[in-house]
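Here the sequence shown is numbered in the UniProt record's numbering, starting from 1 and rising by one per residue.
Even glycine gets a Cβ: it sits at the ideal position worked out from N, Cα and C.
Here's the structure, in structure tokens; my notes come after.
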Amino acid sequence: MYMSKLQDITKKLEENHAQILTTCMDESEAQTHIMDYESSLDVLMEMSLQLSSWDDILTRQEVAAQPPIPQPLPHLTAAQVKVNLPKLELPKFSGKLDDWITFSDLYTHTVHANADLSGAQKLQYLKSALQGEAARLLDAITIADGNYETAWKIVTDRYHHTREILHTHVNKFLQQPQVNSESASSLLNMIDITNQSLNSLRVLNCKPEDWNVILITVLLNKLDNETRRVYERSLDNDEMPMFDDLMKFLEKQARALNAGTSIRSKFHGGNPNKNDGKNHARPPAPGNGKGKCSFCKEDHFAFQCKLLLDKPVPERYKFAQSAGVCLNCLRKGHIASQCDSSNCKRCNKRHHTLLHRDEFKMEPKREALLDLGSQPSFVSSSCAKTLNIPRTEVSAIISGLAGSSVARANYSTSLTIRSRIYAAFEINVDAL
């Protein structure tokens, strides 16, 4: 429920973002909004990750709270097995040593140790489970009760070599692919290979838990730099962490990357392969040396268009925005922040010279100091001139502690103080 509400908020944020961008009057205003928007998006992503983490915890608690329901194992007779032979699914084994432990463990428990199966039935199961090189070992053996033990011995003699299998799974763990960048799929692949290799070693009576330092070192050397930095920051002290804690961290990191990819793909319009680079080529001009006007589609450059030139500067800006052109070069296909044309000739900002107006000048900002021990208010002469506020000539002596004369004020003025943070705050002040 909360995740759905969060997705609705994200969607509404994206819609408002698109609308606000169309009303921005210059590139600096748009960039300021984009920074605020991305900050809001990061907050929503953190909330999504936290909700996902809580959901996993609640799910595990619910499962742990439910007592297991014992399921009685059916006792099959030989006759019943004959009828249901196709329903018993066995893993396939083609002769790869790293698959042998998994295959032999399951086959032994389901077929080889099943006293209700005859030798012929076991041999039939064995032959159906073997493929490739392993299947060719039993080509000459016919289905008969007396041939099963011989066939099983042939297979185990060929593949059940503990030392070779140990080397195979250790090498598989050591030689697993390097994670070159933050990727959920790469981390999950690392987790799967590690678990498969170590579980196989446990079946062979090895104890990987005794190799804590080695296992952690191998995996950390396989991680990309960013994931490793995140892991190091998650550690509380300088003691060697436990291998199980590292595996839990990788699981959590993979979930976080998956959640982040989902939100970012929505932010980029569902196109994860979108090119965010700054190299956006502008459309070539026609062969006659003139451009195709973005406003009237005639054969002249956009800055020569009468539809634009006949308008006053404030209307030119809105006209260019509504036409969907770059505000820096008046062409389509990119935005001003990605444009390689020169800036405004008058103020050097990211808009076309034809769109320049004096209103682009930023209003100067000043800070006020609240002094609880001072009775009058003061403003410096330079600040008053910069703010262009009217002044009145006065002659006032400014006194300090014990009535001592400190300075003389020659002007007084009235000004309004507003907060940059709280828009509703406003106070009128008479100052010397």
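**Item:** Among Glu-226, Met-190, Glu-182 and Phe-243, nearest to Trp-211 - alpha-carbon criterion
**Value:** Looking up residue 211 in the sequence shown gives position 211. Residue Phe-243 is the option with its Cα nearest to Trp-211.
**Request:** Using the Cα positions of Asn-348 and Cys-326, report the straight-line distance between them to the nearest angstrom.
**Result:** Reading the sequence shown from its first residue, position 348 is the one you call residue 348. Reading the sequence shown from its first residue, position 326 is the one you call residue 326. Cα to Cα, Asn-348 sits roughly 16 Å from Cys-326.
**Item:** Separation of Val-213 from Met-240, as counted between CA atoms
**Value:** The count along the sequence shown starts at 1 and reaches residue 240 at position 240. The count along the sequence shown starts at 1 and reaches residue 213 at position 213. Straight-line Cα distance between these residues: approximately 7 Å.
**Request:** Measure the alpha-carbon distance for Thr-245 versus Leu-198 and round it to whole angstroms.
**Result:** Position 245 of the sequence shown holds residue 245. Position 198 of the sequence shown holds residue 198. The residue you asked about is not Thr; residue 245 is Asp in the sequence shown. Approximately 15 Å between the Cα atoms of the pair.
**Request:** Can you say whether Asn-328 is buried or exposed, counting buried as having 16 or more other CB atoms within 10 angstroms of its CB?
**Result:** For this step, residue 328 is matched to residue 328 along the sequence shown. The residue is buried, with at least 16 neighbouring Cβ atoms inside 10 Å.
**Request:** Note down the Cα distance separating Tyr-107 from Asn-114, rounded to an integer number of angstroms.
**Result:** Along the sequence shown, one-based indexing puts residue 107 at 107. Along the sequence shown, one-based indexing puts residue 114 at 114. Each residue's alpha carbon lies about 10 Å from the other.
**Item:** Secondary structure of Glu-89, DSSP reduced to three states
**Value:** For this step, residue 89 is matched to residue 89 along the sequence shown. The answer is coil: DSSP assigns Glu-89 none of H, G, I, E or B.
**Prompt:** In three-state terms, what does DSSP make of Arg-228?
**Reply:** Numbered from its first residue, the sequence shown carries residue 228 at position 228. Note: Arg-228 maps to helix in three-state DSSP.
**Prompt:** Mind checking His-109: buried by the 16 CB within 10 Å criterion, or exposed?
**Reply:** Residue numbering aside, residue 109 sits at position 109 when the sequence shown is read from its first letter. The residue is exposed, with fewer than 16 neighbouring Cβ atoms inside 10 Å.
**Message:** Just verifying my parser: in three-state terms, what is the DSSP assignment at His-280?
**Reply:** Within the sequence shown, numbered from 1, the residue matching residue 280 stands at position 280. Because the pLDDT of His-280 is 39, which lies under 50, any placement of that residue in the model is unreliable, and the question is left without a value.
**Message:** With DSSP as the reference, identify every bridge partner of Thr-150, one or two as the case may be.
**Reply:** As a position in the sequence shown, residue 150 is number 150, starting the count at 1. Note: Thr-150 sits in no beta bridge, so no partner.
**Item:** Per-residue burial, Pro-312 [other beta carbons within 10 Å of its own, 16 or more giving buried]
**Value:** Here residue 312 is taken as the residue at index 312 of the sequence shown, counted from 1. The residue is exposed, with fewer than 16 neighbouring Cβ atoms inside 10 Å.
**Request:** Using the Cα positions of Asp-192 and Asn-171, report the straight-line distance between them to the nearest angstrom.
**Result:** For the purposes of this step, residue 192 is taken as the residue at position 192 of the sequence shown. For the purposes of this step, residue 171 is taken as the residue at position 171 of the sequence shown. Between Asp-192 and Asn-171, the C-alpha separation is close to 15 Å.
**Burial state of Gln-121 (16 or more Cβ within 10 Å)** = Residue numbering aside, residue 121 sits at position 121 when the sequence shown is read from its first letter. Classification of Gln-121: buried, given that the 10 Å Cβ count is 16 or more.
**Message:** Short of 7 Å in beta carbon distance, which residues of its chain neighbour His-17, apart from the five on each side in sequence? Order them along the chain.
**Reply:** Walking along the sequence shown from the start, residue 17 turns up at place 17. For His-17, where only same-chain residues beyond five positions count, the Cβ hits under 7 Å are Tyr-37.
**Asked** With C-beta atoms as the reference, is Ile-417 less than 8 Å away from Ala-409?
**Response** Numbered from 1 along the sequence shown, position 417 holds the residue referred to as residue 417. Numbered from 1 along the sequence shown, position 409 holds the residue referred to as residue 409. Their beta carbons are not under 8 Å apart, which means Ile-417 does not touch Ala-409 by this criterion.
**Prompt:** Would you report the Cα separation of Ala-281 and His-352, rounded to the nearest angstrom?
**Reply:** Taking the sequence shown and counting its residues from 1, the one referred to as residue 281 is at position 281. Taking the sequence shown and counting its residues from 1, the one referred to as residue 352 is at position 352. Summary for Ala-281: the model assigns pLDDT 37, below 50, so the residue's position carries little reliability; its value from the coordinates is reported in the next sentence. Answer to the nearest angstrom: the Cα atoms are 18 Å apart.
**Request:** On a CA-only basis, which of Asn-221, Leu-308 and Lys-248 is nearest Ser-234? Give me that one, please.
**Result:** Reading the sequence shown from its first residue, position 234 is the one you call residue 234. Checked all of Asn-221, Leu-308 and Lys-248; the closest Cα to Ser-234 is Lys-248.
**Message:** Short of 7 Å in beta carbon distance, which residues of its chain neighbour Gln-176, apart from the five on each side in sequence? Order them along the chain.
**Reply:** Position 176 of the sequence shown, counted from the first residue, corresponds to residue 176. Excluding sequence neighbours, Gln-176 sits near Met-190, Ile-193 and Lys-222.
**Request:** Scan the stretch 175-226 and note each continuous beta strand (DSSP E) run of 3 residues or more that stays entirely inside, going in chain order.
**Result:** none
**Prompt:** Are the beta-carbon atoms of Ala-129 and Leu-90 separated by less than 8 Å?
**Reply:** Position 129 of the sequence shown holds residue 129. Position 90 of the sequence shown holds residue 90. Going by C-beta atoms, Ala-129 is nearer than 8 Å to Leu-90.
**Prompt:** In or out: Arg-350 buried (at least 16 other Cβ within 10 Å) or exposed?
**Reply:** Translated into the one-based positions of the sequence shown, residue 350 becomes position 350. Counting Cβ neighbours within 10 Å, Arg-350 comes out buried, since at least 16 surround it.
**Request:** Can you tell me which of the three DSSP states Ile-427 falls into?
**Result:** The residue given as residue 427 occupies position 427 in the sequence shown. Residue state, collapsed to three classes: strand.
**Where Ala-151 falls, given that 16 or more other Cβ within 10 Å makes a residue buried** = Taking the sequence shown and counting its residues from 1, one reaches residue 151 at position 151. Counting Cβ neighbours within 10 Å, Ala-151 comes out buried, since at least 16 surround it.
**Asked** Out of curiosity, what's the CA-to-CA distance linking Val-379 and Glu-315?
**Response** Locating residue 379 in the sequence shown gives position 379, where the first residue counts as 1. Locating residue 315 in the sequence shown gives position 315, where the first residue counts as 1. So the two alpha carbons sit approximately 38 Å from each other.
**Request:** Determine the direct distance from the alpha carbon of Asn-180 to that of Ser-294, and round the result to whole angstroms.
**Result:** Working through the sequence shown from its first residue, we reach residue 294 at position 294. Working through the sequence shown from its first residue, we reach residue 180 at position 180. Ser-294 and Asn-180: Cα-Cα distance of roughly 44 Å.
**Asked** Do you know offhand how far Asp-340's Cα is from Gln-19's?
**Response** Within the sequence shown, residue 340 is the residue found at index 340, counting from 1. Within the sequence shown, residue 19 is the residue found at index 19, counting from 1. Approximately 26 Å, taken between the alpha carbons.
**Message:** Buried or exposed, going by whether 16 or more other CB atoms sit within 10 Å of the CB of His-167?
**Reply:** Position 167 of the sequence shown, counting from 1, holds the residue named residue 167. His-167 should be labelled exposed.
**Request:** Could you have a look at Leu-354 and say whether DSSP puts it in helix, strand or coil?
**Result:** Taking the sequence shown and counting its residues from 1, the one referred to as residue 354 is at position 354. Three-state DSSP puts Leu-354 in a helix.
**Message:** To the nearest angstrom, how far is the alpha carbon of Lys-153 from that of Leu-257?
**Reply:** Your numbering for residue 153 matches position 153 in the sequence shown. Your numbering for residue 257 matches position 257 in the sequence shown. Taking the straight line from one Cα to the other gives about 48 Å.
**Prompt:** Mind checking Arg-229: buried by the 16 CB within 10 Å criterion, or exposed?
**Reply:** Position 229 of the sequence shown, counting from 1, holds the residue named residue 229. It is exposed - the Cβ of Arg-229 has fewer than 16 other Cβ atoms within 10 Å.
**Request:** Would you mind reading off the limits of the alpha helix (DSSP H) that contains Ile-101?
**Result:** In the sequence shown, residue 101 corresponds to position 101, counting from 1. Unbroken alpha helix (DSSP H) run through Ile-101: 97-107.
**Prompt:** What number of angstroms, rounded off, separates the C-alpha of residue 451 from the C-alpha of Gly-324?
**Reply:** The question about residue 451 has no answer here: the residues shown for the chain are numbered 1 through 432.
**Asked** Start and end of the beta strand (DSSP E) containing Ser-128?
**Response** Against the sequence shown, residue 128 aligns to sequence position 128. From DSSP, Ser-128 is part of no beta strand (DSSP E) but of the alpha helix (DSSP H) over 119-129.
**Asked** In three-state terms, what does DSSP make of Glu-393?
**Response** Your numbering for residue 393 matches position 393 in the sequence shown. Here Glu-393 sits in strand by DSSP.
**Asked** How about Ile-389: is its Cβ closer than 7 Å to a heavy atom in the ligand MN?
**Response** No copy of the ligand MN appears in this structure; indeed no ligand is present at all.
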